[in-house]
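Heads up, the thing below is written out as structure tokens.
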Amino acid sequence: MNAVRVLLAAAGIASAGYGISLVLHMNTTDLMSIAVWSVGLLVLHDAVFAPLSAGVGVSVRHLIPGSVRGPVTIGVVATVVLAIVSVPVIGRAGAVANSTVLDRNYGAGLAVALAVVWAGVGVMMLWRIRRSRS
């Protein structure tokens, strides 16, 4: 286990070093753009995502029985992550001059991914309910 940790730490340090070297060679305009995006994302997280997550967490805790709370929580988190990751490509459908850049129906892909996630949540819920009854 320690060897894995050392390898992961080394990979992380190497990745951070590469990222720092890229930033050191960027021009001022790009650095300002990154700073604006970073501050905007921090504000968005603190003003929207964190309170929303806390509210959903409290709701799940009060509305969902303890035996299936874990799978539902995982499903909610996976749904939010998939939605956030897909927003940039779904919002740009047809906006790119090169049709090979966004060459799929990303909305349908998101729907399929969410269906798979929630089908897995359903299977886990049924498994936990059956296990708790036996």
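Numbering (the working numbering), first residue to last: 23 to 156. Yeah, the Cβ is synthetic: ideal placement off N, Cα and C, and Gly gets one too.
Taken through DSSP and simplified to helix, strand or coil, Leu124 comes out as coil.
Rounded to whole angstroms, Ile35 and Met23 show a C-alpha spacing of 18 Å. Look at the beta carbons and you see the region 58-74 not touching the region 84-98: under three pairs across the two are nearer than 8 Å. A straight-line Cα-Cα distance of about 24 Å links Pro110 and Val78. Distance from the CA of Leu132 to the CA of Leu104, rounded to the nearest whole angstrom, comes to 7 Å. Spatial neighbours of Gly92 in its own chain (CB-CB distance under 6 Å, excluding positions within 5 residues in sequence) are not present.
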